[in-house]
Each structure stands twice: as structure tokens, then as C-alpha cells.
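Sequential numbering from 4 applies to the sequence shown in our numbering. Everything below concerns the one structure shown next.
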Amino acid sequence: MTSSDDHSYFARRAEQERRLAENAADSAIATTHSRLAAEYERRLADAAGPPVLAQPAAH
Numbered sequence: 004m005t006s007s008d009d010h011s012y013f014a015r016r017a018e019q020e021r022r023l024a025e026n027a028a029d030s031a032i033a034t035t036h037s038r039l040a041a042e043y044e045r046r047l048a049d050a051a052g053p054p055v056l057a058q059p060a061a062h
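So, in C-alpha cells, the structure goes:
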């Protein structure tokens with residue numbers, strides 16, 4: 004899986020889990036879906052890698 008594939012997958016799964024959490028009738032199930040969403044969001048952030056800082060232009 005490429006990082007682009009990872010990004011798309013994790014973003015899609017986080018969104019799905021958030022939606023499932025919002026629609027769950029049982030609070031324990033909602034909590035489980037929320038935790039899964041948070042894990043996908045963490046993986047999404049990790050897949051993005053560290054922020055890249057712009058280097059000053061050489062003169």
C-alpha cells in the first residue's frame with residue numbers, strides 16, 4: 004500500500020467509524036466505534052509523516 008493509499012483508506016475508515024458511533028443505539032458500541040475512529044485518525048496522522056519545514060532560499 005502506498006502512502007496515498009494509506010491516507011485514503013485511513014480517512015475513509017475514520018469517517019465510517021465516526022458515522023457508526025453517531026448512529027449507534029448502544030453507548031458501549033458508540034464508544035467502540037469512537038475509539039476505532041480515533042485510531043484510524045492517529046494512523047492517518049502517522050501516514051502523513053512529520054511536517055516539512057521550508058528551507059530559506061540560498062542567496
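We put the CB at the ideal spot given by N, CA and C, even for glycine.
Run of the alpha helix (DSSP H) containing residue i, from where it starts to where it stops
i   : result
A51 : 30-51
Q58 : Note, Q58: premise wrong, no alpha helix (DSSP H); not H, not E.
A24 : 6-26
Cβ pair residue i, residue j closer than 8 Å
i   : j   : result
H10 : L47 : yes
A24 : A33 : yes
Cα-Cα separation between residue i and residue j, rounded to whole angstroms
i   : j   : result
A27 : E20 : 10 Å
A51 : E42 : 14 Å
A61 : Y12 : 39 Å
L56 : A17 : 27 Å
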